[in-house]
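Just below is one structure, and these are the notes that go with it.
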Amino acid sequence: MPARVGIASFASLLLACSGCGPRPPANPADIIYFGGAILTMAGDEPRYVEALAVDDGRIAFAGSRAEASKLAGPQTRQVNLAGKAMLPGFFDGHGHIADYTKSWGKPDLSPPPVGDTRSIADIQAKLGKYLAETRAPVDTLVVINGYDDSLLAEQRHPNRHDLDAVSGKVPVLIVHASGHLAVANSAALAMARIDRRTRDLPGGVIRREPGSREPDGVLEEQALMPFLALFPRIAPEQQVETLGEVQRWYASHGITTAQDGLSTPDTVAMLRSAANQGKLVIDVVSFPMWKLLGRAEDLGGRLAQVEIYRPGSQLSNAGRAYESDVPAPTSTEAAAAARDKLKVGVYENHLKIGGVKIAVDGSPQGKTAFLTQPYATPPPGMKAGYRAYTSVPQPELDAWLEASYRYDLPVIVHTNGDAAIDQLIEAVRKARAKYGPKDLRPVAIHAQLARHDQLDAMKELGIVPSFFTAHTFFWGDWHVQSFGEARAFGISPVRQASAIGLKFSNHNDSPIVPPDMMFLAHTAVNRASRSGKIIGPDERVSPYVAFKAMTDWAAWQYFEEASKGTLEKGKLADFVILERDPLRVEATAIKDVKIVETIKEGRSIWRREGG
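Mapping to this note's numbering: the sequence shown position 478 is 683, numbers consecutive.
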């Protein structure tokens, strides 16, 4: 009898405790990552977590593996990183992704290590082969990119006679590596109606043959504007298809957010078409070109066709508001009108119109960056004391910044030389004095020759510098000749910006140089030129700061710090997986750390073969 009572009691206990074991989570994670160096990039010092959980494209948890395991359900995929490193997806701080859709598959005139062009004869050979293979018609402009006079054996720009030797009938334009100069053959000059009687446009120069007004074929800055209408039109569907290949290439470098930093109306239309077709796999932020929008003073009227959301508001990639930033239209007519408007400041299907791009000066490698002090070595035909020039007079820039602050319209402003940076600082001061210190984060694109006092002013005024430290390798030796060692060593002053607490991003300005983010971080840390010379040893930064400029701080530049840039709960699951932790290798080996996989909102968009 006692035994029977014991059995009955035990059975009752089992029934009573049928729910006492571990319960599955109410909302199990889709994926849990563990077993590697998961670097959050949050905070001033490196912080690692043991595990990271993803649910519905967002980070559900980042912390201990024990806590992460509580989010595991029967369908949760467990990913052992096996010692690899995970970081937030990289931001392209500034670039021109859509430009690749026009040059993809064409010859590359770049010098090593990007290409193999070493002389004008190489340019002629590549150009001749391309014209023969494509049977280029005589009524269509042929545009080829990438030549760099600083690395040609002849140490000069090609001229129209060099290009005429390849083709006297087919109009040809070859674009400088900086994107700020180009060389046209005689047929192209005739097509653009540029001859000895043509005056220089404001902010541009038509270089002339010695002792003559005959164009020598080399064109600077705004002198290129007549060619914009002559560029061959590419079918939008072909561009969208090519953009798919370009996005995969960007993803292979760990980029999950890219920029198109000088968009034309055609480019915006193409990007919107790609977005509407669901063919953007990474986020793209477009900044239309200011010159194609007319005068700043007339902006108010044109904004009837534009909807500007407060900086930082977001649309999800399904078109839903992340929070409540976008009110629902109250009628069918209002809904239709809202669909037709160009939205600025929010994502729709991975595309965001970020604001407006303004280009105030040229390039340091092309010697058209606007300086306060003369170039140590001026370009051919220019006298001592040459400082280059602005492309945007101060009153015009003032008007655009005033419009920016009046309408809450973000702007990014190309300013390479310190005189151009002075222009931006002055314009922002005037706009803030009139409309108050709004958090609009105007971006000083490149800010190559920024002085330390200008960095102080940027911090005071809320200007965000986006540096281009890849110059230290690609053109560092050239800059020493152009500016003298003291100024050359100060280009992209990332260490000083970091020291004063000024947030900044870093970029490759692709296609000026390839979108290789690991090499970009390497240049910020090492600053070694082609010859091995350290271009500004005092401006080198730690690897952690180098990656902050490509993740956390870059997200802040884009008003996206609430959704991207660090591995924290609630943010998008945008990741890059590296074969090794870049903070735990020799500084000179950062460039050699391979990207294994790139993940956008929890979905793998690129994976290295065998990785």
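Using N, Cα and C, we set each Cβ at its ideal position, and we do this for glycine too.
The region 761-779 and the region 796-812 touch, with three or more beta-carbon pairs separated by less than 8 angstroms.
Closest in alpha carbon position to D603, among K753, K572, A638, is A638. K796 sits away from M722, with the two beta carbons spaced by 7 angstroms or more. With respect to the C-alpha of K289, the residue from D321, L244, P317 having the closest C-alpha is L244.
When D682, G559, L576, A258 are compared, the shortest CA-CA separation from P647 is found for G559. If you draw a straight line from the Cα of R365 to the Cα of H727, it is about 38 angstroms long. Residue range 616-620 is occupied by the beta strand (DSSP E) that includes H619, with no alpha helix (DSSP H) assigned at that position.
Excluding the 5 residues flanking it on each side, S703 has same chain C-beta neighbours closer than 7 angstroms at V746, V750, in chain order.
A Cβ-Cβ separation of about 17 angstroms leaves A267 out of contact with L788 under the 8 angstroms criterion. Around the beta-carbon of Q510, fewer than 16 other beta-carbon atoms lie within 10 Å, marking it exposed. One thing to note: L314 has its Cβ within 7 angstroms of the Cβ of I328.
For the pair V451 and L556, the CB atoms are not nearer than the 7 angstroms cut-off.
Between I696 and H676, the beta carbon gap of about 6 angstroms places them in contact (Cβ cut-off 8 angstroms). Of the residues I668, D658, D613, Y640, the one whose Cα lies closest to the Cα of L629 is I668. In the structure shown, L429 falls within a helical segment according to DSSP collapsed to helix, strand and coil.
Residue burial is scored here from C-beta neighbours: K548 has at least 16 other C-beta atoms within 10 angstroms and is therefore classed as buried. Where V561 is concerned, the enclosing beta strand (DSSP E) starts and stops at 561-564. Collapsing the DSSP output to three states places F752 in a helix. Looking at S596, K546, G550, the one whose alpha-carbon comes closest to that of G567 is S596. DSSP lists no beta-bridge partner residue for I328. For N285, the enclosing beta strand (DSSP E) has its first and last residue at 282-285. Under the DSSP definition of a beta bridge, M291 partners with I243, I782. When C-alpha distances from G550 are compared across H301, A392, G351, S609, the shortest belongs to S609. Counting C-beta pairs closer than 8 angstroms gives fewer than three between the region 420-427 and the region 276-293, which falls short of the contact rule. Annotation: the continuous alpha helix (DSSP H) that includes R453 extends over 441-457. Taking the Cα positions, S715 is about 44 angstroms away from P279. One Cα belongs to T674, the other to A231, and the distance between them is close to 47 angstroms. Shown here for W495: same chain residues with a beta carbon closer than 7 angstroms to its own, the five before and five after excluded, namely V561, K562, I563, W605 in chain order. With contacts defined as CB atoms closer than 7 angstroms, A326 and V375 fail to qualify as a contacting pair. Between the alpha carbons of K484 and G449 lies a gap of roughly 7 angstroms. Burial is judged here by how many other beta carbons sit within 10 angstroms of a residue's own beta carbon; P317 has fewer than 16 and is exposed. Taking the C-beta atoms as reference points, A652 is found no nearer than 7 angstroms to T577. DSSP places V489 inside the beta strand (DSSP E), whose first and last residues are 488-493.
DSSP, reduced to helix, strand and coil, places K546 outside both helices and strands of the structure shown, so it counts as coil. For A440, the number of other beta carbons within 10 angstroms of its own is below 16, and it is reported as exposed.
Residue I800 holds the alpha-carbon nearest to the alpha-carbon of T461 among F694, I800, Q701.
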